[in-house]
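Structure first, then comments.
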Amino acid sequence: MFKRRKPRSIIEKWQQFFWPREGWMRAIKYTWQRAIRLDGSAHSIAMGLAVGAFVSATPFIGTHLLWAALVAWVLGGNIIASAIGTWVGNPLSFPFIWIMTFNVGHFILGTWDQTTDLPALSFGLFLDAPLSTLWPVIFPMLVGGIPVGIAMGVATYYPSLWAVRFYQKKRRAKLARVQQQEPDKSPKGEETSS
11 MFKRRKPRSI IEKWQQFFWP REGWMRAIKY TWQRAIRLDG SAHSIAMGLA
61 VGAFVSATPF IGTHLLWAAL VAWVLGGNII ASAIGTWVGN PLSFPFIWIM
111 TFNVGHFILG TWDQTTDLPA LSFGLFLDAP LSTLWPVIFP MLVGGIPVGI
161 AMGVATYYPS LWAVRFYQKK RRAKLARVQQ QEPDKSPKGE ETSS
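Going by the working numbering, the first residue of the sequence shown is number 11, and it counts up by one from there.
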């Protein structure tokens, strides 16, 4: 019923993933509207979005949705909102997040002066010794991801809380107006109690 008449090719799907046809602002606006319209308390929705943003700062790519759902469940956040919140980490923002977490991690660890030779990290070396190859990169990103993730979570929580409260208040007022305007809907022949 909702299928495309002409299915998109793999190249078109990847192109849409990295650069939506209608633009990033429309995609961001649509995602934001979907998030604030979720069922639940304003706190749980905002907490879910914040948890998703926090998890996006971790180097566990491919498992962000799982981690976000788990942390949101533990903290009482909305699990669907946490999945939407992981959208903070996207193809455009990941390079900036990774550089920031890597540098903050080295600063916290006190290894700022030691450099990791990133070009020396090859795929063949990764296959031979995956943990020893990636650990010098992953560990600083993990350590740096915690404060960066907390900052991203806080920066997401409060605006989201305000927006969800505003939307829910506006929706309740609209529903109250509609209820007041509707005539009595009791079945014919029955008298309403006064």
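Note that beta-carbon positions come from the ideal geometry of N, C-alpha and C, so glycine has one too.
Element boundaries [alpha helix (DSSP H), containing residue i]
i    : result
W83  : 74-85
M122 : The amino acid occupying residue 122 in the given sequence is Trp; Met does not appear at that position. Premise fails: W122 is in no alpha helix (DSSP H) and is neither H nor E.
V61  : 52-66
G95  : 89-95
I21  : 20-28
Distance between beta carbons of residue j and residue i, contact taken as under 8 Å
i    : j    : result
L48  : N88  : 6 Å
G163 : V84  : With a Cβ gap of about 14 Å, G163 and V84 do not count as contacting.
A63  : T166 : 4 Å
L59  : I94  : 6 Å
L75  : T96  : 6 Å
G159 : A67  : 3 Å
Contacting residues, own chain, Cβ-Cβ under 7 Å from residue i (five flanking each side not counted)
i    : result
Q190 : none
G86  : S54, M57
F28  : P101
P157 : V114
I20  : none
K13  : none
A52  : L171, V174, R175, Q178
G99  : S66, H74, I107
Cβ-based neighbour list, residue i, same chain, cut-off 6 Å, excluding 5 preceding and 5 following
i    : result
M208 : There is no way to answer for residue 208, as the model of the chain reaches only from 11 to 204.
L185 : none
A5   : The structure shown does not extend to residue 5, since the chain spans only 11 to 204, so no value can be given for it.
F149 : none
I71  : none
Cβ-based neighbour list, residue i, same chain, cut-off 8 Å, excluding 5 preceding and 5 following
i    : result
I90  : L48, G58
V81  : V61, F64, V65, G87, S92
F117 : G154
P30  : R36, A37
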